[in-house]
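So for the sequence shown, full-length UniProt numbering puts the first residue at 1; every next one is plus one.
Here a beta-carbon is modelled for each residue, glycine too, at the ideal position from N, C-alpha and C.
Here the structure is a predicted model, which is why all the values come from computation and not from measurement.
Let me begin by presenting the structure, written as structure tokens, before commenting on it.
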Amino acid sequence: MGALAIKNVTKSFGDTHILKGIDIEIESGQFLILVGPSGCGKSTLMNIIAGLESPTTGEVHIGGRVVNNVAPKDRDIAMVFQSYALYPTMNVRQNIAFGMETRGVPKKEQDEIIARVAKMLQMDHLLDRKPSQLSGGQRQRVAMGRALARDPILFLFDEPLSNLDAKLRVEMRTEIKQLHHRLKTTIVYVTHDQIEAMTLGDKIAVMKDGVIQQFGSPQEIYDQPANLFVASFIGSPSMNFIPCHLAEQDGQLGVSLQSEGEARFIALPQAAKLTGSVGKKVILGIRPEQFDVVGEQGLACKVHLTEPTGPDTMVLTQLNGIEVCARLHPREAKGPGDTVRLQPDVSKAVLFDAESEARLA
Ligand SMILES: Nc1ncnc2c1ncn2[C@@H]1O[C@H](COP(=O)(O)OP(=O)(O)OP(=O)(O)O)[C@@H](O)[C@H]1O
Ligand SMILES: [Mg+2]
Numbered sequence: 001m002g003a004l005a006i007k008n009v010t011k012s013f014g015d016t017h018i019l020k021g022i023d024i025e026i027e028s029g030q031f032l033i034l035v036g037p038s039g040c041g042k043s044t045l046m047n048i049i050a051g052l053e054s055p056t057t058g059e060v061h062i063g064g065r066v067v068n069n070v071a072p073k074d075r076d077i078a079m080v081f082q083s084y085a086l087y088p089t090m091n092v093r094q095n096i097a098f099g100m101e102t103r104g105v106p107k108k109e110q111d112e113i114i115a116r117v118a119k120m121l122q123m124d125h126l127l128d129r130k131p132s133q134l135s136g137g138q139r140q141r142v143a144m145g146r147a148l149a150r151d152p153i154l155f156l157f158d159e160p161l162s163n164l165d166a167k168l169r170v171e172m173r174t175e176i177k178q179l180h181h182r183l184k185t186t187i188v189y190v191t192h193d194q195i196e197a198m199t200l201g202d203k204i205a206v207m208k209d210g211v212i213q214q215f216g217s218p219q220e221i222y223d224q225p226a227n228l229f230v231a232s233f234i235g236s237p238s239m240n241f242i243p244c245h246l247a248e249q250d251g252q253l254g255v256s257l258q259s260e261g262e263a264r265f266i267a268l269p270q271a272a273k274l275t276g277s278v279g280k281k282v283i284l285g286i287r288p289e290q291f292d293v294v295g296e297q298g299l300a301c302k303v304h305l306t307e308p309t310g311p312d313t314m315v316l317t318q319l320n321g322i323e324v325c326a327r328l329h330p331r332e333a334k335g336p337g338d339t340v341r342l343q344p345d346v347s348k349a350v351l352f353d354a355e356s357e358a359r360l361a
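So, in structure tokens, the structure goes:
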């Protein structure tokens, strides 16, 4: 069995069901991301893995053994929380050493480990400082250092970067990724930031209301979102959701897109298996980068607004009465009031059932 397996875990506080049957399994060395909106149960699940909460039902396996009745300190895990929880009166060296002290690691070995961790996180020069003499990013590094001073089966990170400013977040994100690359440790990492999820994870579990909506690689989740929620949560700017009816033309299934009073049938090869569903209400999902500017065969779309980001320009227009964002090369973007002729990349578009919101094709 893998480094971590969560089997049908539920958690209720009184009558409130927070986790509703979670199943996850990862291999040793994998980086698992738990991502979802605030209150969906990420920290609750993390605390259950750590042993700080017990599941109402289900099993947690770490390193192949059931740990439901194993105390947190005996689970062979190291945690980093959002609040770094450093000891303010101790210097960095003492903060890193603290866990080792209580575990009875010999002094000489402690010194070696501190030197190794400090080198790894580039904080040799900070070892004698108190937390109050450190920046947010440096404190974060100390908290990581304390976790890295151990060699656990599992690292648990609960939103470790959320107290940092945007620039530092990005830097630390890269650092964590490099660290994982080098150490090949198994990590469970909670975030509500979809970019962090995409950039760090080998596997992502997208959660909503205590249910895993999809579990897969970042690319699977981006390209084949299981439902509207996942599609809207991952990706920025968000995927466009265009209400349509499934139609048939010349023996091909597709949808009709309207713009500026003009309608165009868009054949969707991936909808081929949906024969018998003609007329069904569907939602066509197209990501902003999945539009091309083409000649006469494209849909004439009036530009309402442009948002240049430098490398790309976001062009806001309307399709089927819905505001749609297309990410275009600045050279092709034009300006408000102008018309661009757009063609969606149908090979990448996804179809959702308008009722169940599940992906159809
Ligand atoms: N001890 C508790 N008693 C009752 N309800 C709780 C308890 N702990 C958490 N909850 C509730 O469980 C839900 C999930 O909380 P949790 O902290 O797991 O969310 P989260 O996904 O980590 O959110 P965030 O992104 O805001 O940290 C919330 O509605 C919260 O109010
Ligand atoms: Mg949380």
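According to DSSP, residues forming a beta bridge with residue i
{"i": "Glu307", "result": "Met314"}
{"i": "Gly285", "result": "Phe241, Val350"}
{"i": "Ala326", "result": "Val315"}
{"i": "Lys203", "result": "Leu32"}
{"i": "His61", "result": "Ala5, Val66"}
{"i": "Glu248", "result": "Leu253"}
{"i": "Ser259", "result": "Glu262"}
{"i": "residue 363", "result": "In this structure the chain extends from 1 to 361, so residue 363 is not present and cannot be described."}
{"i": "Arg359", "result": "Phe352"}
{"i": "Leu299", "result": "Leu342"}
{"i": "Phe13", "result": "Thr16"}
{"i": "Lys208", "result": "Val211"}
Residue span of the beta strand (DSSP E) that contains residue i, given as start and end
{"i": "Asp25", "result": "This sequence places Glu at residue 25; Asp is not what is there. First-last of the beta strand (DSSP E) with Glu25: 16 to 26."}
{"i": "Pro344", "result": "339 to 344"}
{"i": "Glu262", "result": "262 to 267"}
{"i": "Phe155", "result": "154 to 158"}
{"i": "Gln214", "result": "211 to 216"}
{"i": "Ile187", "result": "187 to 191"}
Burial state of residue i (16 or more Cβ within 10 Å)
{"i": "Ala115", "result": "exposed"}
{"i": "Lys73", "result": "exposed"}
{"i": "Thr16", "result": "exposed"}
{"i": "Thr89", "result": "exposed"}
{"i": "Gln140", "result": "buried"}
{"i": "Val282", "result": "buried"}
{"i": "Glu171", "result": "exposed"}
{"i": "Arg75", "result": "buried"}
{"i": "Ala226", "result": "buried"}
{"i": "Ile322", "result": "exposed"}
{"i": "Ala349", "result": "buried"}
Within 9 angstroms, strictly: CB atoms of residue i and residue j
{"i": "Val340", "j": "Gly285", "result": "no"}
{"i": "Met207", "j": "Val35", "result": "yes"}
{"i": "Ser232", "j": "Ile195", "result": "no"}
{"i": "Ser28", "j": "Thr56", "result": "no"}
{"i": "Gly41", "j": "Gly210", "result": "yes"}
{"i": "Gly201", "j": "Val346", "result": "no"}
{"i": "Lys203", "j": "Ile62", "result": "no"}
{"i": "Phe265", "j": "Gln290", "result": "no"}
{"i": "Arg169", "j": "Ala78", "result": "no"}
{"i": "Ser43", "j": "Asp151", "result": "no"}
{"i": "Val188", "j": "Leu148", "result": "no"}
{"i": "Ala197", "j": "Ile234", "result": "yes"}
{"i": "Ile242", "j": "Val324", "result": "yes"}
Rounded C-alpha distance that separates residue i from residue j
{"i": "Gln213", "j": "Leu45", "result": "15 angstroms"}
{"i": "His181", "j": "Ala50", "result": "23 angstroms"}
{"i": "Ala247", "j": "Ala361", "result": "14 angstroms"}
{"i": "Gln270", "j": "Thr317", "result": "26 angstroms"}
{"i": "Met123", "j": "Lys130", "result": "13 angstroms"}
{"i": "Glu109", "j": "Thr174", "result": "29 angstroms"}
{"i": "Leu19", "j": "Ser54", "result": "12 angstroms"}
{"i": "Gly14", "j": "Ser38", "result": "20 angstroms"}
{"i": "Leu121", "j": "Pro311", "result": "32 angstroms"}
{"i": "Ile293", "j": "Lys302", "result": "With the sequence shown as reference, residue 293 is identified as Val, and Ile is not the correct amino acid for it. C-alpha separation (whole angstroms): 13 angstroms."}
{"i": "Thr191", "j": "Ala3", "result": "20 angstroms"}
{"i": "Ala85", "j": "Gln30", "result": "26 angstroms"}
{"i": "His304", "j": "Asp165", "result": "33 angstroms"}
{"i": "Pro330", "j": "Pro336", "result": "13 angstroms"}
First and last residue of the uninterrupted alpha helix (DSSP H) at residue i
{"i": "Asp292", "result": "It is not in any alpha helix (DSSP H) - Asp292 instead sits in the beta strand (DSSP E) that spans 291 to 293."}
{"i": "Met172", "result": "166 to 183"}
{"i": "Arg103", "result": "Element bounds for Arg103: n/a, residue is neither H nor E."}
{"i": "Ile48", "result": "42 to 50"}
Residue-level contact to chain C via CB, residue i, 9 angstroms cutoff
{"i": "Ala267", "result": "No chain C appears in this structure, which consists of one protein chain only."}
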